[in-house]
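S.K.: I'd like to ask some things about the structure below.
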Amino acid sequence: MERSTLPPSIEMKGVSRYYGDFQALKNLSFKLEPGERCALLGPNGAGKTTTLKILVGLLSPSSGEAKIGDFSPSSEDSRRMMGYLPDDASPYRTFSVRENMEYIGALRGIDNVSDKVDRLLDSLQLREYEKSKVGRLSRGNVQKLALALAIIHDPSVLLLDEPLNYLDIPTQETVIEYLKNLNSTQLVSTHIMEVATRLTDRVIMISRGTFVWSGTLEELKRLGKEGEPIERIVARMLTDVL
Amino acid sequence: MFYKLLKFVILSRFSKQILALMLVLLVWALFISSKTGSSSAVYHYYGPALITFFLILPVLSGGIAVLKSDRDFLFTLPLKRSELALSLFVVQMLSFGLIIIYILGYSFSSLSSVLPYALIDFIALILVITSLGPITYTLKLGWRVLVATLMALLPLSAFAGFPFSPAGIYTGHPLYADITSVVLAVITVPLAFRSLSRVDLDLMKTFTRYTSGDVKRVRKFSGMSPTRAIFAVNFFIVEVSGRMNSLGSGGSYRSGRFRLSRGVLVSAIIAGAYYYLLTYRLRLPLHSQEVALFIFSIYSVIFIMFFTMGVLGNERLWLGFMTRNPTRYLRDIVVAKSLSIATLLSPLAIANFLIALGGDEQALNLGLFLLVVIPSLLIIVVYLSAFLYPLQIKEELSMPGQLNLRQMGTLLPALPAWILVTISFAVLENGLPSLAILITVTTTILFALIAIALIYSDSFGKKVIDKLVTSGFV
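Protein sequences appear in the order of chains A and B.
Residue numbers 1 to 242, in the numbering used here, belong to the letters of the first sequence in order.
Residue numbers 243 to 716, in the numbering used here, belong to the letters of the second sequence in order.
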């Protein structure tokens, strides 16, 4: 099926989520336009991971609505479009690198999955480990494999939680280049401003489950004093909320 | 200092509630053991068979009750090695010993005339069983199979009339049984302490060996449909894993896999031997078909628990569950695994049906039990464990988490199956074969219906996925 040139939007409308009595998200709303790349910033426990899990359809909102394009995140259509990389992602431990990629490729219904796997093995420098069990890999190589699994089906919506964790600098550059060339809408959850600035153009800040601020990186810089590091600006904004 | 260390080591592995339950079980077992009067011959077979099982289990599936955080923090502290070893030995004994006392406690009632000997024998055996995990967890599989075989021969030799067997207590050799068990304990306990005092070094070496290496034959999934790929992984490959949601293993989590075709071949060989022995009534010391069937069915329930433990623990929500509707994916993998187990057990079930045609009604019970109840149990146990206490396996050779009371609940679905076996056995003993069959058929249908209802309930499936996500599965 031919995919339309514009990737879908990502939207949260008044989403709240409870874990028992604890409210992790409080009436959270934001929208990413088609093709936009945004960073989701927030301190520990802000609700970033919950937000991503709702957007990929693994959690249901207690109230409110999440949408991927025109679809609910839990629909088959949105699953087909989405790629998801959780924090500290762990592939199937008892499989080899190649088996992981071929299995997920087959589940995704990719034609010629072997060719696709070969291309990813080469571009992410995983070729020498293709027969290795996942348990044998270094944390960096596990992260490369996890990324490969998240993008194996050329998703038009990417939800990434700390995608550059554990990667060495050359691989970080390869991954940044790869992600920038994807025709997709991307939401990147991160603590690290450097990651946000390299991978995205806009920032959404949340704290304690509520929306704090949203704007471009340039607008964010303008909120600070002359020469003030962007990290300090973010820290001040998040501390003010706390 | 030792007391604080011991308390920390115990409470980091066992919840207070489960410790309390263990105490209740211990008191109950002692109460049962103090009762006299039972003279059922069953115990004379049941006792040695269970001793065999518990001697094999720590060697094949066990390990040591070590948490990942121990490796990162506890083992780096300047602790006395002897105190650390003793603390780990105690938790090892808690994870094994009390259950053994509880289970074997029932057989004490048949040993009233030799009760002092029986107590010495079981105390020594508990020390041996506790020691076997720490001694053997560093060995390669081949060596562990050899040790397990030797350990199995010791109690089983009692059936052949060999006096120096730990199970000799059941066959009229209490003194020799005590001598054998005490000698075994004297050999194994110091070896276990030696192993536990250098646990950090040995564990790292074993972990490195366990996780290293390439797969021998890379499986190809190219060109497969999604459903075929799921079956290739979950039907044609059988995964056996230990220590996830139930007690009874040595502590650390381990898993292994084999091809279904090979498993069926082994199962067919065992079924052939089983059919031959029971049909032609060889003059075995174990000359009671009912007892053989009873022991066999108990074994099958215990072993089936190991097939269910890794089903969810080894799954990855962000991968498989993202490729299609998560409830459908869960249903597909669970159905594939259930059918895989049914196929694996089918030669044994067929052997039982053939025996039943020869006029043994109990064999029909067992055939249905193997072919329908156990595969249905797998589904029920998997879904129930998701609700009660799901644990995702992120690293092997360590405990995935603290053992608590809710995990025991995972075993509950197995109880009706055990009760079924016991009732139908008792009913048969009383000369009511048609009632025994009625009980079995009714329970079989009930279990199958529960399993089908669980896998086809979308709302229940959604609750399961939600529970997994909120429990920290990634």
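Just so you know, even glycine gets a beta-carbon here, dropped at the ideal spot from N, CA and C.
#1: Rounding to the nearest angstrom, what Cα-Cα distance links B:THR469 and A:ILE104 in this structure?
#2: Which of the three DSSP states is assigned to B:GLY600 in this structure?
#3: In terms of DSSP beta bridges, what is A:GLN186 paired with?
#4: For B:ILE232, decide whether its Cβ has a neighbour in chain A, counting only Cβ atoms nearer than 8 Å.
#5: Here's a check: name, in chain order, each residue in its chain whose Cβ is nearer than 8 Å to the Cβ of A:THR216, leaving out the five neighbours to either side.
#6: Looking at B:VAL460: is its Cβ nearer than 8 Å to the Cβ of A:SER90?
#7: When you compare only the Cα positions, how much space is there between B:TYR379 and B:LEU561?
#8: Helix or strand or just coil, what does DSSP make of B:SER483?
#9: Give every residue of the same chain whose Cβ lies closer than 7 Å to the Cβ of B:LEU302, excluding the five residues on either side of it in the sequence, and list them in chain order.
#10: Using a Cβ-Cβ cutoff of less than 7 Å, which residues in the same chain neighbour A:LEU25 once the five nearest sequence positions on both sides are dropped?
#11: Does the beta-carbon of B:GLN259 have 16 or more other beta-carbons within 10 angstroms, so that it is buried, or is it exposed?
#12: With 9 Å as the limit, tell me which residues of the segment 554 to 581 of chain B have their beta carbon closer than that to any beta carbon of chain A; keep them in chain order.
#13: Taking its Cβ as the centre, do 16 or more other Cβ atoms sit within 10 Å of B:PRO617, making it buried, or is it exposed?
#14: May I ask which residues mark the beginning and end of the beta strand (DSSP E) holding A:ALA24?
#15: How close, in whole Å, do the beta carbons of A:LEU167 and A:GLN186 come, if the pair is a contact with beta carbons under 8 Å?
#16: Please report the distance separating the alpha-carbon of B:GLY514 from that of B:ALA593.
#17: Run through chain A and tell me which residues come within less than 8 Å of B:THR550, C-beta to C-beta.
#18: What are the partner residues of B:ALA693, as DSSP defines its beta bridges?
#19: Counting C-beta neighbours from all protein chains within 10 Å, is the total for B:ILE621 16 or more, i.e. buried, or is it exposed?
#20: Ordered along the chain, which non-local residues of its own chain (more than five positions away) have a Cβ less than 7 Å from that of A:LEU6?
#21: Name, in chain order, the residues that DSSP records as bridge partners for A:ARG17.
#22: In terms of alpha-carbon separation, which member of B:VAL441, B:SER580, B:SER254 lies closest to B:PHE689?
#23: Please tell me whether B:VAL711 has its Cβ less than 8 Å away from any Cβ of chain A.
#24: Smallest Cα separation from B:ARG566: which of A:ASP115, A:ASP77, A:GLY227?
#25: Compute the Euclidean distance between the alpha carbons of B:THR430 and B:THR294, then round it to the nearest angstrom.
#26: Compare the Cα-Cα distances from A:ARG119 to each of A:TYR178, A:ARG136, A:PRO73, A:GLY83 and report the closest residue.
#27: Please tell me whether B:VAL428 has its Cβ less than 8 Å away from any Cβ of chain A.
#28: Could you name the residues of chain A that B:LYS462 contacts, counting a contact when the two beta carbons are closer than 8 Å?
#29: When the cut-off is 8 Å and only beta carbons count, does B:LYS310 lie next to chain A?
#30: Going by DSSP in three states, A:PHE211 sits in which element: helix, strand or coil?
#31: Does any CB atom of chain A fall closer than 8 Å to the CB of B:LYS636?
#32: Measuring CB to CB, does B:PHE256 end up less than 8 Å from B:LEU336?
#33: Does the segment 51 to 62 of chain A come close enough to the segment 420 to 429 of chain B to have 3 or more Cβ pairs within less than 8 Å?
#34: Can you list the residues of chain A that B:PRO468 reaches, using a CB-CB cut of under 9 Å?
#35: Using a 10 Å radius around the Cβ and a threshold of 16 neighbouring Cβ atoms, would you call A:TYR92 buried or exposed?
#36: If we define contact as Cβ-Cβ less than 8 Å, is A:PRO91 a contact residue for chain B?
M.R.: On the basis of the coordinates in this document:
#1: In the second sequence, the residue the question calls residue 469 of chain B occupies position 227. In the first sequence, the residue the question calls residue 104 of chain A occupies position 104. When rounded, the distance between both Cα atoms is 12 Å.
#2: In the second sequence, counting from the first residue as 1, residue 600 of chain B sits at position 358. Coil at B:GLY600, not helix or strand.
#3: In the first sequence, the residue the question calls residue 186 of chain A occupies position 186. Per DSSP, A:ARG37, A:LEU158.
#4: Only positions 243 to 716 of chain B appear in this structure, which leaves residue 232 of chain B out of reach.
#5: Here residue 216 of chain A corresponds to residue number 216 of the first sequence, with the count starting at 1. Same-chain partners within the cutoff: ASP201, ARG202, VAL203.
#6: Along the second sequence, read from residue 1 onward, the residue named residue 460 of chain B stands at position 218. Along the first sequence, read from residue 1 onward, the residue named residue 90 of chain A stands at position 90. No, Cβ-Cβ distance for B:VAL460 and A:SER90 is not below 8 Å.
#7: For the purposes of this step, residue 379 of chain B is identified with residue 137 of the second sequence, where counting begins at 1. For the purposes of this step, residue 561 of chain B is identified with residue 319 of the second sequence, where counting begins at 1. Their Cα atoms are separated by approximately 32 Å.
#8: Here the question's residue 483 of chain B lines up with position 241 in the second sequence. Strand, per DSSP.
#9: In the second sequence, the residue the question calls residue 302 of chain B occupies position 60. Excluding residues within five positions, the ones whose Cβ falls inside 7 Å are ARG386, ALA390.
#10: Mapped onto the first sequence, residue 25 of chain A falls at position 25. Only VAL15, SER16, ARG17, GLY47, THR50, THR51, GLY209 meet the Cβ criterion.
#11: Against the second sequence, residue 259 of chain B aligns to sequence position 17. Exposed: under 16 other Cβ atoms inside 10 Å.
#12: ASN556, GLU557, ARG558, LEU559, TRP560, LEU561, GLY562, PHE563, MET564, THR565, ARG566, ASN567, PRO568, TYR571
#13: In the second sequence, residue 617 of chain B corresponds to position 375, counting from 1. Buried is the call here.
#14: Locating residue 24 of chain A in the first sequence gives position 24, counting from the first residue. 22 to 32 is the span of the beta strand (DSSP E), which, as asked, contains A:ALA24.
#15: Counted from its first residue, the first sequence places residue 167 of chain A at position 167. Counted from its first residue, the first sequence places residue 186 of chain A at position 186. 17 Å between Cβ atoms; not a contact.
#16: Sequence index remark: in the second sequence, residue 514 of chain B carries index 272 (1-based). Sequence index remark: in the second sequence, residue 593 of chain B carries index 351 (1-based). Distance between the alpha carbons of B:GLY514 and B:ALA593: 7 Å.
#17: Taking the first residue of the second sequence as position 1, residue 550 of chain B is located at position 308. Here the premise fails: no neighbours, minimum Cβ distance about 16 Å.
#18: On the second sequence, position 451 is the one that residue 693 of chain B refers to. Paired residue(s): none; B:ALA693 is not in a bridge.
#19: Walking along the second sequence from the start, residue 621 of chain B turns up at place 379. It is buried - the Cβ of B:ILE621 has at least 16 other Cβ atoms within 10 Å.
#20: The residue given as residue 6 of chain A occupies position 6 in the first sequence. So the list reads PRO34, GLY35, once near-sequence residues are dropped.
#21: The count along the first sequence starts at 1 and reaches residue 17 of chain A at position 17. Note: A:ARG17 sits in a beta bridge opposite A:LEU25.
#22: In the second sequence, the residue the question calls residue 689 of chain B occupies position 447. Considering only alpha carbons, the answer is B:SER580.
#23: As a working mapping, residue 711 of chain B is identified with position 469 in the second sequence. So, interface residue.
#24: Stepping through the second sequence from its first residue, residue 566 of chain B is reached at position 324. It is A:ASP77 whose Cα lies nearest to the Cα of B:ARG566.
#25: Position 188 of the second sequence, counted from the start, is the residue given in the question as residue 430 of chain B. Position 52 of the second sequence, counted from the start, is the residue given in the question as residue 294 of chain B. For B:THR430 and B:THR294, the distance between alpha carbons rounds to 17 Å.
#26: Here residue 119 of chain A refers to the residue found at position 119 when the first sequence is read from its first residue. Nearest option by C-alpha distance: A:TYR178.
#27: Stepping through the second sequence from its first residue, residue 428 of chain B is reached at position 186. No, B:VAL428 does not count as interfacial toward chain A.
#28: Working through the second sequence from its first residue, we reach residue 462 of chain B at position 220. Those within 8 Å of B:LYS462 in chain A are GLU102, SER114.
#29: Position 68 of the second sequence, counted from the start, is the residue given in the question as residue 310 of chain B. For B:LYS310, the answer is no, since every Cβ of chain A falls outside 8 Å of its Cβ.
#30: Walking along the first sequence from the start, residue 211 of chain A turns up at place 211. Three-state result, A:PHE211: strand.
#31: For the purposes of this step, residue 636 of chain B is taken as the residue at position 394 of the second sequence. It does: the Cβ of B:LYS636 has a partner Cβ on chain A nearer than 8 Å.
#32: If you number the second sequence from 1, residue 256 of chain B lands on position 14. If you number the second sequence from 1, residue 336 of chain B lands on position 94. A contact, by the Cβ cut-off of 8 Å.
#33: no
#34: The count along the second sequence starts at 1 and reaches residue 468 of chain B at position 226. ALA106, LEU107, ARG108, GLY109, listed in chain order.
#35: Locating residue 92 of chain A in the first sequence gives position 92, counting from the first residue. The residue is buried, with at least 16 neighbouring Cβ atoms inside 10 Å.
#36: Here residue 91 of chain A refers to the residue found at position 91 of the first sequence. So yes, A:PRO91 belongs to the interface.
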